[in-house]
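A short worksheet on the structure shown next.
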Amino acid sequence: MAFAMRVKVPPNSATLQEARHQTFDFFRTACRSIPSIMDIYNLYDVVTPAQLRSTIAAEIRKNAHITNPKVIDMLLFKGMEELSNITEHAKQRHHIIGQYVVGNHGLVQDVATKDENISNFLKNFYKTNYF
Amino acid sequence: MASVAGSFMASLSSHKPNQTLTRASNLNAVSLAISGKSFPSLKLSSAPSRFRVSCAATPETVDKVCHIVRKQLAVPEGTAVTGESKFATLGADSLDTVEIVMGLEEEFGISVEEESAQTIATVQDAADLIEKLVSKK
Numbered sequence: 001m002a003f004a005m006r007v008k009v010p011p012n013s014a015t016l017q018e019a020r021h022q023t024f025d026f027f028r029t030a031c032r033s034i035p036s037i038m039d040i041y042n043l044y045d046v047v048t049p050a051q052l053r054s055t056i057a058a059e060i061r062k063n064a065h066i067t068n069p070k071v072i073d074m075l076l077f078k079g080m081e082e083l084s085n086i087t088e089h090a091k092q093r094h095h096i097i098g099q100y101v102v103g104n105h106g107l108v109q110d111v112a113t114k115d116e117n118i119s120n121f122l123k124n125f126y127k128t129n130y131f
Numbered sequence: 001m002a003s004v005a006g007s008f009m010a011s012l013s014s015h016k017p018n019q020t021l022t023r024a025s026n027l028n029a030v031s032l033a034i035s036g037k038s039f040p041s042l043k044l045s046s047a048p049s050r051f052r053v054s055c056a057a058t059p060e061t062v063d064k065v066c067h068i069v070r071k072q073l074a075v076p077e078g079t080a081v082t083g084e085s086k087f088a089t090l091g092a093d094s095l096d097t098v099e100i101v102m103g104l105e106e107e108f109g110i111s112v113e114e115e116s117a118q119t120i121a122t123v124q125d126a127a128d129l130i131e132k133l134v135s136k137k
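Protein chains in written order, with the UniProt record's numbering: chain A, 1 to 131; chain B, 1 to 137.
Written out as structure tokens, the structure reads:
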């Protein structure tokens, strides 16, 4: 099945450098499976591969401040799991569109530590018309 | 006639090297003048030992790469993106670089090996690598 291909072999990164390497590998795997994802969920009219790439990069960047290799391994494992779920069609089109195309602005409460980089203007803008 | 020329050349070559050798210690560029013909100057200190790919990338490839880079990094209109611009100076971090390489993979229909992807630092590097992979296909 698709998930057999996805297994990343070394679960324990010894150093931050190795964890970085694994992150880039994961990103490359995800980008290489974008064409099949677009095919499975019929996203051709909704989004371009470039937009999906930047969404994936944004998700990775959200956790860019982490320095503990074990935590990074855990995040990568979760990322791989999500990618496997998507590629083996365990999700549905509205999941993909809601989570990765439209984004979850306003649907999920912003946790302060994760969204430090979004400007205050944007935060207010998404919340209400009058500010 | 030939013997005269031969002896003339012999005397020239016996004289000239002494002068050029003494001058060589001062100058970087040595021009050897033998029988009136001067060869192009040879640099004693070679350029940094990067192995240049013999086939340079075509301008269209470089243009396409520049366009993709400009879009990916949202480079403002004033900044020039040329063959020699490094990704780091344009404001790309390592993830951006990987993303640009992925975008180029998709655009040109190639597959970049991981080791080659590590060595890409400038736009020209990327264009050369693309040319190599496209011609290998």
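Each residue gets a CB set at the ideal place from its N, CA and C atoms; glycine is no exception.
Because the structure is a prediction, the values reported are computed rather than measured.
Outcome for residue i when other beta-carbon atoms lying within 10 angstroms are tallied against a minimum of 16
{"i": "residue 154(A)", "result": "Lying before the first or after the last residue shown, residue 154(A) is absent from chain A, which here runs from 1 to 131."}
{"i": "GLN92(A)", "result": "exposed"}
{"i": "ASP125(B)", "result": "buried"}
{"i": "MET74(A)", "result": "exposed"}
{"i": "MET1(A)", "result": "Here MET1(A) scores only 47 on pLDDT, less than 50, and its place in the model should not be relied on; the value that follows carries that caveat. Exposed, because fewer than 16 other Cβ atoms sit within 10 Å of the Cβ of MET1(A)."}
{"i": "LEU129(B)", "result": "buried"}
{"i": "ASP45(A)", "result": "exposed"}
{"i": "TYR126(A)", "result": "exposed"}
{"i": "THR23(A)", "result": "buried"}
{"i": "GLY79(A)", "result": "buried"}
{"i": "ALA88(B)", "result": "exposed"}
{"i": "LEU122(A)", "result": "exposed"}
{"i": "PRO131(A)", "result": "Looking at the sequence provided, one finds Phe at residue 131(A) rather than Pro. It counts as exposed."}
{"i": "GLY103(B)", "result": "buried"}
{"i": "VAL123(B)", "result": "buried"}
{"i": "ALA127(B)", "result": "buried"}
Inter-residue spacing [alpha-carbon to alpha-carbon] between residue i and residue j
{"i": "ILE34(A)", "j": "ASN68(A)", "result": "29 Å"}
{"i": "ILE118(A)", "j": "SER54(A)", "result": "16 Å"}
{"i": "SER111(B)", "j": "ASN129(A)", "result": "46 Å"}
{"i": "PHE26(A)", "j": "LEU52(A)", "result": "15 Å"}
{"i": "VAL65(B)", "j": "PRO49(A)", "result": "17 Å"}
{"i": "ILE72(A)", "j": "ALA92(B)", "result": "21 Å"}
{"i": "GLY83(B)", "j": "GLU106(B)", "result": "20 Å"}
{"i": "residue 139(B)", "j": "GLU113(B)", "result": "Nothing in the structure corresponds to residue 139(B), since chain B is present only between 1 and 137."}
{"i": "residue 197(A)", "j": "GLU81(A)", "result": "Residue 197(A) falls outside the range modelled here, since chain A spans only 1 to 131, and no answer is possible."}
{"i": "SER54(B)", "j": "SER85(B)", "result": "Residue confidence is low: SER54(B) scores 48 on pLDDT, short of 50, so the model does not pin down where it sits. No coordinate-derived value is stated."}
{"i": "THR61(B)", "j": "PRO76(B)", "result": "21 Å"}
{"i": "TYR41(A)", "j": "VAL101(B)", "result": "25 Å"}
{"i": "CYS31(A)", "j": "GLU88(A)", "result": "15 Å"}
{"i": "CYS59(A)", "j": "LYS137(B)", "result": "This sequence places Glu at residue 59(A); Cys is not what is there. Each residue's alpha carbon lies about 34 Å from the other."}
{"i": "ILE68(B)", "j": "ILE66(A)", "result": "29 Å"}
{"i": "ILE56(A)", "j": "VAL47(A)", "result": "13 Å"}
{"i": "SER116(B)", "j": "THR79(B)", "result": "27 Å"}
{"i": "ASP39(A)", "j": "GLN72(B)", "result": "24 Å"}
{"i": "PRO37(A)", "j": "LEU95(B)", "result": "It is worth fixing the name first, because residue 37(A) is Ile in this sequence and not Pro. Between ILE37(A) and LEU95(B), the C-alpha separation is close to 21 Å."}
{"i": "LYS70(A)", "j": "ASN63(A)", "result": "13 Å"}
{"i": "LEU83(A)", "j": "ALA90(A)", "result": "10 Å"}
{"i": "SER121(B)", "j": "LEU90(B)", "result": "First, the amino acid is wrong: residue 121(B) is Ala here, not Ser. Those two C-alpha atoms are separated by around 11 Å."}
{"i": "VAL81(B)", "j": "ASP63(B)", "result": "9 Å"}
{"i": "HIS94(A)", "j": "GLY109(B)", "result": "29 Å"}
{"i": "ARG70(B)", "j": "ARG28(A)", "result": "21 Å"}
{"i": "VAL134(B)", "j": "HIS21(A)", "result": "26 Å"}
{"i": "GLN118(B)", "j": "PHE77(A)", "result": "23 Å"}
{"i": "LEU43(A)", "j": "ARG61(A)", "result": "24 Å"}
{"i": "ASN120(A)", "j": "ALA74(B)", "result": "21 Å"}
{"i": "TYR100(A)", "j": "ASN85(A)", "result": "14 Å"}
Per DSSP, the bridge partner or partners of residue i
{"i": "LYS86(B)", "result": "THR122(B)"}
Residue i beta carbon near the ligand PLP (any heavy atom closer than 6 Å)
{"i": "GLU115(B)", "result": "Only the bare structure without any ligand can be found here, which leaves the ligand PLP out of the picture."}
Contained alpha helix (DSSP H) runs [length at least 4] in the segment 11 to 84 of chain A, N- to C-terminal order: 16 to 32, 34 to 41 and 49 to 62
Tell me which residues of the UniProt domain "Carrier" (59 to 134) of chain B have at least one Cβ-Cβ distance to chain A shorter than 7 Å, keeping chain order. LEU95, VAL98, GLU99, MET102, GLY103 and GLU106
By the 9 Å beta-carbon criterion, what residues does the segment 49 to 82 of chain A contribute toward chain B? PRO49, ALA50, ARG53, SER54, ILE56, ALA57, ILE60, ARG61 and ALA64
With 7 Å as the limit, tell me which residues of the segment 9 to 33 of chain A have their beta carbon closer than that to any beta carbon of chain B; keep them in chain order. PHE24, PHE27, ARG28 and CYS31
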